[in-house]
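> Read in order, the letters of the sequence shown correspond to residues 1 to 305 in UniProt numbering.
Note that beta-carbon positions come from the ideal geometry of N, C-alpha and C, so glycine has one too.
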Amino acid sequence: MTVDAHVQGLIDGLAEQGLQSFEKLGVEATREVVATFVGLQLPPREVARVIEDSVGGQAIRIYVPEAEGPLPIVVYFHGGGFVGGGLAEIDEPVRALANDVGAIVVAATYRLAPEHKFPAATDDTFAALCWVGEHAGEFGGDPNRIAVMGDSAGGNLAAVAAQRARDEGGPALTAQVLVYPVIDTTAQLPSKTECAEGYVITAAGLDWFWEQYLRSPADAENPLASPSKAKSLAGLPPALVLTMEYEVSRDEAEAYAEQLAAAGVETESIRFDGLVHGAYWMSGAVPRCRELRDAVVRFLSKRFA
Numbered sequence: 001m002t003v004d005a006h007v008q009g010l011i012d013g014l015a016e017q018g019l020q021s022f023e024k025l026g027v028e029a030t031r032e033v034v035a036t037f038v039g040l041q042l043p044p045r046e047v048a049r050v051i052e053d054s055v056g057g058q059a060i061r062i063y064v065p066e067a068e069g070p071l072p073i074v075v076y077f078h079g080g081g082f083v084g085g086g087l088a089e090i091d092e093p094v095r096a097l098a099n100d101v102g103a104i105v106v107a108a109t110y111r112l113a114p115e116h117k118f119p120a121a122t123d124d125t126f127a128a129l130c131w132v133g134e135h136a137g138e139f140g141g142d143p144n145r146i147a148v149m150g151d152s153a154g155g156n157l158a159a160v161a162a163q164r165a166r167d168e169g170g171p172a173l174t175a176q177v178l179v180y181p182v183i184d185t186t187a188q189l190p191s192k193t194e195c196a197e198g199y200v201i202t203a204a205g206l207d208w209f210w211e212q213y214l215r216s217p218a219d220a221e222n223p224l225a226s227p228s229k230a231k232s233l234a235g236l237p238p239a240l241v242l243t244m245e246y247e248v249s250r251d252e253a254e255a256y257a258e259q260l261a262a263a264g265v266e267t268e269s270i271r272f273d274g275l276v277h278g279a280y281w282m283s284g285a286v287p288r289c290r291e292l293r294d295a296v297v298r299f300l301s302k303r304f305a
């Protein structure tokens, strides 16, 4: 399938503005570009209550929908290549998620690279997940119905958090939702070359993000950085993995879904033809963003039932 017309319009617009690949922009300019995704989103929907808090010095925001509790909980980790992103960029999508699933969504931040290298981000996100498990009842949540979710780098962190919860006595998880996750920087799969240029994140750009995050190439072999390197994936919660046709990380994410299924994990993997990395954040600019979000709502509603 060709690139979605709305996506192609965005790509063409960025090219006309002279936007360079992320590895050429540098850290601060990359953070500024990631922040512009808010402008591609629909107006944020109202929820019943928003609670500001922190875990280990990292901000979290708790979105409570208008529904009878105790409610299931989704712990959401934002994308941004481990370098950028935050609560502002995911405010609109997580509000929609809370309302559409009827679940509390806890949006958790983490220390960013390169100022804070691996394993800072995974330590922060796992700490947030454990905090939610311990404090769920305080904000109307059900500690027996918790899912982790993330997009891009956040998808990596959600996958790692699910493994750490299994291995390190974290909350028993109901589900994991991985939206175009980056999984393994060492993977040399066809999408790395097929989609190397022209689709929001280039192959060189993805490598640059990993270089900012990891302390050394040796970290890429650590399952806390590359969840596909885990000795076993058995016993992990049911997974939904979403990938886009035109993204460099497509094949590594789909390979991870295959690994999960082979380990006996109930896994649903969906590729969205014509779309690109970042589409989950593009509700106002790309109408087909709705398809991704509907898939997440269906999956979580079934798991939380």
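#1: Do E245 and F272 have their C-beta atoms closer together than 8 Å?
#2: In angstroms with no decimal places, state the Cα-to-Cα distance between F304 and E115.
#3: To the nearest angstrom, how far is the alpha carbon of A220 from that of S228?
#4: Should P180 and H277 be called a contact, given that it needs their Cβ atoms to be closer than 8 Å?
#5: Near S54, which residues of its chain fall below 8 Å by C-beta distance, leaving aside the five closest residues on each side in sequence?
#6: Unbroken beta strand (DSSP E) runs of length 3 or more, entirely within the region 164-191: which are they?
#7: Name the DSSP beta bridge partners of A159, please?
#8: Quick check: the Cα distance between V3 and G169, rounded to an integer number of angstroms?
#9: Can you grab the Cα-Cα spacing for the pair G69 / R145, in whole Å?
#10: Would you call the region 200-213 and the region 73-83 touching, i.e. three or more CB-CB distances under 8 Å?
#11: How about I183 and F22: do their beta carbons lie closer than 8 Å?
#12: Going along the chain, which residues of its own chain have a beta-carbon closer than 7 Å to the beta-carbon of L10, five neighbours each way excluded?
Reading off the structure:
#1: As a first step, residue 245 must be located in the sequence shown, where it is residue number 245. As a first step, residue 272 must be located in the sequence shown, where it is residue number 272. Against a cut-off of 8 Å, the Cβ pair of F272 and E245 comes out as a contact.
#2: The residue given as residue 304 occupies position 304 in the sequence shown. The residue given as residue 115 occupies position 115 in the sequence shown. If you take the alpha carbons of F304 and E115, they lie about 37 Å apart.
#3: Residue 220 sits at position 220 when you count from the first residue of the sequence shown. Residue 228 sits at position 228 when you count from the first residue of the sequence shown. Cα to Cα, A220 sits roughly 10 Å from S228.
#4: Within the sequence shown, the letter at position 180 stands for residue 180. Within the sequence shown, the letter at position 277 stands for residue 277. This sequence places Tyr at residue 180; Pro is not what is there. Yes; because the gap between Cβ atoms is below 8 Å, this pair is in contact.
#5: On the sequence shown, position 54 is the one that residue 54 refers to. So the qualifying residues of the chain are I60.
#6: 175-179
#7: Position 159 of the sequence shown holds residue 159. A159 pairs with nothing; no bridge assigned.
#8: Numbered from 1 along the sequence shown, position 3 holds the residue referred to as residue 3. Numbered from 1 along the sequence shown, position 169 holds the residue referred to as residue 169. So the alpha carbons of these two residues sit roughly 43 Å apart.
#9: Residue numbering aside, residue 69 sits at position 69 when the sequence shown is read from its first letter. Residue numbering aside, residue 145 sits at position 145 when the sequence shown is read from its first letter. Taking the straight line joining both Cα atoms gives about 12 Å.
#10: yes
#11: Position 183 of the sequence shown, counting from 1, holds the residue named residue 183. Position 22 of the sequence shown, counting from 1, holds the residue named residue 22. Contact: no.
#12: In the sequence shown, the residue the question calls residue 10 occupies position 10. The answer, listed in chain order, is A285.
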